[in-house]
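K.L.:
Sending over a structure as structure tokens; questions will come in a sec.
Residue numbers (the working numbering), protein chains in the order written: chain R, 1 to 736; chain Y, 1001 to 1225.
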């Protein structure tokens, strides 16, 4: 049976594929003829923003990606970093924003599935996951539905697959009303000398399809994810894929088993743009052509066209190039796990991407130009306008105790327990710190003392006010959170979420944020080893807050020397390390202003990278030598919120001296590179004297309430009730 | 004592269970794939947690109908000890080795947290390391842990002392009837429990409250390391 497969190529059809007229002209020039319908689909899949990074590539190239521990930087499925003893950590963060807004459960679930696959494709067993989620304002009509669906989807996939979720972020802001963000992170553990890459090697070798069957789900998903939303959004639901974590779990076990046999030459998971993207990437990277025979592709729906098979984003699929002599052994592994195994093509020496279907050639395209030589833009951009600083007398005043309780009970600073108790945080038996601390920590299997710390951070308010300082701050805060557990920060992955890059002011945000990220990563020796860009996060012309999420990984050489944020014992001295005189000064773009007074004014706080580094290394030394009894980084909400969080986590109160000057600035200023560290009272003077940065004794732990300077004392129980109360009340459910 | 961990596709706490048995018993268990022809001659068979066959039907329903479960049923009848944790518990109820059913949590959500368990019957091989009435900490992680049995069944398991662990101190996380967290069969050699003692067996886990279950089954407590 032959299925008609050649609609006429019209300007409308080209536009529907997200290709601009000049891009279509480039296709015509490249192949010297009109493309077939399938070829048009292939170009659309490869040249969209999501797969080609065409708007951001020029700027991404400026990021620092190398370091003594970096084994694999950006360009592969995930970054790889040496953690000593022949072991490596493999990690990446990736967005699934557009699909999660359209269909929250499956969008989020397949986001988790996709990032896990990126990690085990490299030969690593996933050991930790995080999720950075951003939703619209709490009382927007869709927000509860989206929170409920996304959290259930993240949990539904990760829990069933069997990876502990050890950290993440959940934030609310009206600017995400029409475009939520779901940024999924995964990390895996591998032997440093057994990393698998996507670059095909050798001519005439079998290209093998593994995993789940191909259906029509997700056809055109990557193209959808590279466009703004309009009012027709409900019609886009069929472009969202459906996840099957049971198959993914089997695929993980089968892939790791297969890799151990030595059969695998190259491997690429089928993510965005499915079979097209994986086949082209493997060939293009290896300077080889690829010939695919679609009649051999395992399908679960009848009468699928070549176009549909090439653009399907069905999940839990892999493409590999195998050693031919090991094919039988490989097949046996996949049969054991009851997964499909089909030889669907071969590598060739002609640098063409050829697709055969029902005996005819439906695509014959130059593979390099499809893949690593895809179009690249230098889009026009304008430098962002930085707002004026807020005048000190323009800051609204408020009782400090009321402000602390208000922040603890707010959408953005309350406990995320309602969320993370729906995630399996303990599976694999290595979780040392689960969500709620500064960073998640898991032990490294196969080593008696080592552990890895994970944190994901960005403050979009700062990025909106000043993308350059905001980019720096995201990196610095991530680095700081890792330090706060006792980890040496190793490297990071970036997930850059922005609006429409065709608007010069958005492109300006992208350029400045990347510049800030690059400077901070260089200064803190914290290279970017993988990442993802999500653009066109706009609805009807209104963009999200610029949100360059930074997820970092740190190494704890001996988890006996690990810090937590909760106050540990009564009578400890509380030290504020790295702060300016007056403890806190910067209220521009603060949580105090936005979340208590509804105002978004002033500049983003400045990050002094030299001071950040000096402060961080000093705090790390206090943890390593066993002097620090508790450590917490200061960020959003400043000193007041930080102290309250330490009291709640440790179930111990504290008395803080009165600050000089304005108590609102002292307790809620968001000055950067600061930590709270507690030490035994008798160690305090010695620590202060040895500090290379400012270190001030601001009070002591003890009692059942928190007293901030002249403000009234608040019982730790009341702090905890405020902190734990917001989320369950918002979602209309108790935790049980 | 020799032990085996039986693995169905989709189970995912098998590695945690293997680690616990090895750390506490001193020797690693035999890991048996559900399609293996032979289940070795062991004293303890463990079905660990996870999502067998994705739990796309009722939790545990598909694994419960596999030939391997017939073998396990025969061994149980001969008196071999069988421990099912989480999905293992669900599989044992679906296979009819244990009475009652595990329904969706009352919250309708997956929940992972720490709860308190009290020992309702310390006279079983699974609970003998604990004192009767002792309360201990234990993590949970499940979507379908809401234990239910009809009135007659409930009366008989309560009267027979088949309820071994109950959620204590108002920590029932799922709506289980009578706060039931773990039960045995009438003979007392098959135990199913929703909580995960294997995730609380060493100081790095924040406690060792879960060791007793394995220590009781495997003999003298080994030092971890």
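Even glycine gets a Cβ: it sits at the ideal position worked out from N, Cα and C.
Return the chain-ordered ranges of every alpha helix (DSSP H) run that is complete within the region 400 to 471 of chain R and spans a minimum of 4 residues.
P.N.:
Runs found: 400 to 408, 417 to 420, 460 to 465.
K.L.:
At the 9 angstroms Cβ level, is residue 189(R) part of the contact set with chain Y, yes or no?
P.N.:
So, not an interface residue.
K.L.:
Starting from residue 1015(Y), trace the alpha helix (DSSP H) both ways and give me its first and last residue.
P.N.:
Counting along the chain, the alpha helix (DSSP H) containing residue 1015(Y) begins and ends at 1014 to 1025.
K.L.:
Run through the region 318 to 387 of chain R for me and flag every whole beta strand (DSSP E) of 3 or more residues, listed as ranges in chain order.
P.N.:
With a minimum length of 3 residues, the continuous beta strand (DSSP E) runs that stay inside the region 318 to 387 of chain R are 340 to 348, 352 to 357, 360 to 366.
K.L.:
Counting only the same chain and skipping the five closest in sequence on each side, list residues whose C-beta sits under 7 angstroms from that of residue 680(R).
P.N.:
Once the five neighbours on either side are set aside, the close Cβ partners of residue 680(R) are 572, 629.
K.L.:
Taking only beta-carbon positions, decide if residue 1020(Y) is within less than 9 angstroms of chain R.
P.N.:
Judged by the 9 angstroms Cβ criterion, residue 1020(Y) is in contact with chain R.
K.L.:
Considering only C-alpha positions, which residue in the set 95(R), 71(R), 721(R), 105(R) is nearest to residue 89(R)?
P.N.:
Checked all of 95(R), 71(R), 721(R), 105(R); the closest Cα to residue 89(R) is 71(R).
K.L.:
Look at the Cβ atom of residue 543(R), then the Cβ atom of residue 179(R), and state whether they are nearer than 9 angstroms.
P.N.:
A contact, by the Cβ cut-off of 9 angstroms.
K.L.:
Return the bridge partner residues of residue 586(R) from the DSSP annotation.
P.N.:
Paired residues: none, contrary to the question.
K.L.:
If you compare alpha carbons, which of 596(R), 462(R), 162(R) is closest to residue 545(R)?
P.N.:
Of the listed residues, the one whose Cα sits closest to residue 545(R) is 462(R).
K.L.:
Less than 9 angstroms between CB atoms is the rule here; does residue 640(R) satisfy it with respect to chain Y?
P.N.:
Closer than 9 angstroms: no.
K.L.:
Hey, would you say residue 505(R) sits closer than 9 angstroms to residue 384(R), going by beta carbons?
P.N.:
Yes, these two residues count as a Cβ contact at 9 angstroms.
K.L.:
Please name the residues in the region 413 to 443 of chain R whose beta-carbon is closer than 7 angstroms to at least one beta-carbon of chain Y, in chain order.
P.N.:
Answer set for the region 413 to 443 of chain R: 421, 422, 423, 424, 425, 426, 427, 428, 429, 432, 443.
K.L.:
Taking contact to mean at least 3 C-beta pairs separated by less than 8 angstroms, is the region 172 to 192 of chain R in contact with the region 125 to 135 of chain R?
P.N.:
Taking 8 angstroms as the limit for Cβ pairs, the verdict is that the region 125 to 135 of chain R does touch the region 172 to 192 of chain R.
K.L.:
At a CB-CB cut-off below 9 angstroms, which residues of chain Y make contact with residue 357(R)?
P.N.:
Neighbours of residue 357(R) on chain Y: none; closest Cβ ~32 angstroms, over 9 angstroms.
K.L.:
Counting only the same chain and skipping the five closest in sequence on each side, list residues whose C-beta sits under 8 angstroms from that of residue 608(R).
P.N.:
Contacts found: 672, 673.
K.L.:
Applying the criterion that 16 or more other CB atoms from any shown protein chain within 10 Å of the CB defines a buried residue, is residue 1035(Y) buried or exposed?
P.N.:
Residue 1035(Y) is exposed by the Cβ-count criterion.
K.L.:
At 9 angstroms on the CB atoms, spell out the chain R contacts of residue 1009(Y), in chain order.
P.N.:
Simply 246, 249, 250, 253, 337, 338.
K.L.:
Would you please verify whether the beta carbon of residue 1130(Y) is less than 9 angstroms from any beta carbon of chain R?
P.N.:
With 9 angstroms as the cut-off, residue 1130(Y) does not count as an interface residue toward chain R.
K.L.:
Could you confirm whether any beta carbon from chain R is found closer than 9 angstroms to the beta carbon of residue 1199(Y)?
P.N.:
It does: the Cβ of residue 1199(Y) has a partner Cβ on chain R nearer than 9 angstroms.
K.L.:
Along chain Y, in chain order, which residues have C-beta atoms closer than 7 angstroms to that of residue 409(R)?
P.N.:
What residue 409(R) touches in chain Y: nothing, since even the nearest Cβ is about 21 angstroms away.
K.L.:
Does residue 159(R) come within less than 9 angstroms of chain Y when only Cβ atoms are used?
P.N.:
So yes, residue 159(R) belongs to the interface.
K.L.:
Along the chain, where does the beta strand (DSSP E) containing residue 497(R) start, and where does it finish?
P.N.:
Element bounds for residue 497(R): 488 to 497.
K.L.:
Could you check the C-alpha separation between residue 91(R) and residue 76(R) for me, to the nearest Å?
P.N.:
For residue 91(R) and residue 76(R), the distance between alpha carbons rounds to 11 angstroms.
K.L.:
Could you tell me which uninterrupted beta strand (DSSP E) segments, each at least 3 residues in length, are contained entirely in the region 234 to 314 of chain R, listed from first to last along the chain?
P.N.:
With a minimum length of 3 residues, the continuous beta strand (DSSP E) runs that stay inside the region 234 to 314 of chain R are 264 to 269, 289 to 293.
K.L.:
What are the residues in the region 1137 to 1160 of chain Y lying within 7 angstroms of chain R by C-beta distance?
P.N.:
Those residues of the region 1137 to 1160 of chain Y that come within reach of chain R (Cβ to Cβ, closer than 7 angstroms) are 1139, 1141.
K.L.:
Where does residue 269(R) land, buried or exposed, given buried means 16+ other C-beta within 10 angstroms?
P.N.:
Residue 269(R) is buried by the Cβ-count criterion.
K.L.:
I need the boundaries of the beta strand (DSSP E) containing residue 1166(Y), first residue and last residue.
P.N.:
Counting along the chain, the beta strand (DSSP E) containing residue 1166(Y) begins and ends at 1163 to 1168.
K.L.:
May I have the straight-line CA-CA distance separating residue 82(R) from residue 69(R), to the nearest angstrom?
P.N.:
If I take the Cα positions, the gap works out to 5 angstroms.
K.L.:
List the residues of chain R that residue 1164(Y) touches, going by C-beta distances under 7 angstroms, in chain order.
P.N.:
Those do not exist, as residue 1164(Y) stays about 22 angstroms from chain R at its closest Cβ, beyond 7 angstroms.
K.L.:
Are residue 1028(Y) and residue 1042(Y) closer than 9 angstroms when you measure CB to CB?
P.N.:
Cβ atoms of residue 1028(Y) and residue 1042(Y): not closer than 9 angstroms.
K.L.:
Please tell me whether residue 1012(Y) has its Cβ less than 9 angstroms away from any Cβ of chain R.
P.N.:
Yes, residue 1012(Y) counts as interfacial toward chain R.
K.L.:
Please list the terminal residues of the continuous beta strand (DSSP E) segment that includes residue 88(R).
P.N.:
Residues 87 to 95.
K.L.:
Looking at C-alpha atoms only, which residue of 592(R), 289(R), 645(R), 620(R) is the closest neighbour of residue 670(R)?
P.N.:
Comparing Cα positions, the closest option is 592(R).
K.L.:
Are the region 574 to 581 of chain R and the region 550 to 563 of chain R touching, with three or more C-beta to C-beta distances below 8 angstroms?
P.N.:
No, because fewer than three Cβ pairs between the region 574 to 581 of chain R and the region 550 to 563 of chain R fall closer than 8 angstroms, the two stretches do not touch.
K.L.:
Is residue 623(R) helix, strand or coil by DSSP?
P.N.:
The answer is helix: DSSP assigns residue 623(R) an H, G or I state.
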